[in-house]
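First comes the structure, then the notes that go with it.
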Amino acid sequence: PTVKDLVKITVIQSGDHILNTFDERISSFAEQKFQRDGIEVLTGCRVVSVSDKLINMKMKSNEEVFSIPHGLVVWSTGIGTRPVVRDFMEHIGQGHRRVLMTDEWLRVKGCENVYALGDCA
């Protein structure tokens, strides 16, 4: 088996579409490409918590709560520091910064097995 056969990727989006700030054609193209590549896209759900084994979500339409298992979580948000990130930064002693401090491997300083990339790092 190849690595692809051993991995499942799920994208969780709180809005009705991924890339919802872009033109609808771009959003639709990306969703169709993900589907062709076997990437599951869950829209209209909000992540309410993440444990070491589960991502717990709530559907925006009917408040149904459900969970999916994970081995690795990559969290991507929009621009600006989200309150949950600010709270996390305070908790790990990085509250005086605008971004998360990482090392050269994008590991969040002061946390084991936590990585950050993009605008938050």
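Quick note: the sequence shown uses the UniProt record's numbering, first residue 1, plus one each step. Note that beta-carbon positions come from the ideal geometry of N, C-alpha and C, so glycine has one too. Keep in mind the model is a prediction, meaning the values are calculated, not measured.
Asked	Found
For I92, three-class secondary structure by DSSP	coil
Distance CB(M59)-CB(V50) smaller than 9 Å	no
Other residues of its chain near R97: CB distance less than 8 Å, five sequence neighbours each side excluded	M89
Same chain, Cβ closer than 8 Å to G95, five either side skipped, listed in chain order	R86 and M89
Cβ pair I92, V73 closer than 9 Å	no
Distance, V108 Cα to V47 Cα	21 Å
Neighbour-count burial assignment, L100, 16 or more Cβ in a 10 Å radius	buried
Candidates R36, V3 and T10, of which the one nearest T43 by Cα	T10
DSSP beta-bridge partners of Q13	T43
Pick from R36, K33, K53 and E24 that is closest to G71, judged by C-alpha positions	K53
L6 - containing alpha helix (DSSP H), residue span	V3 to L6
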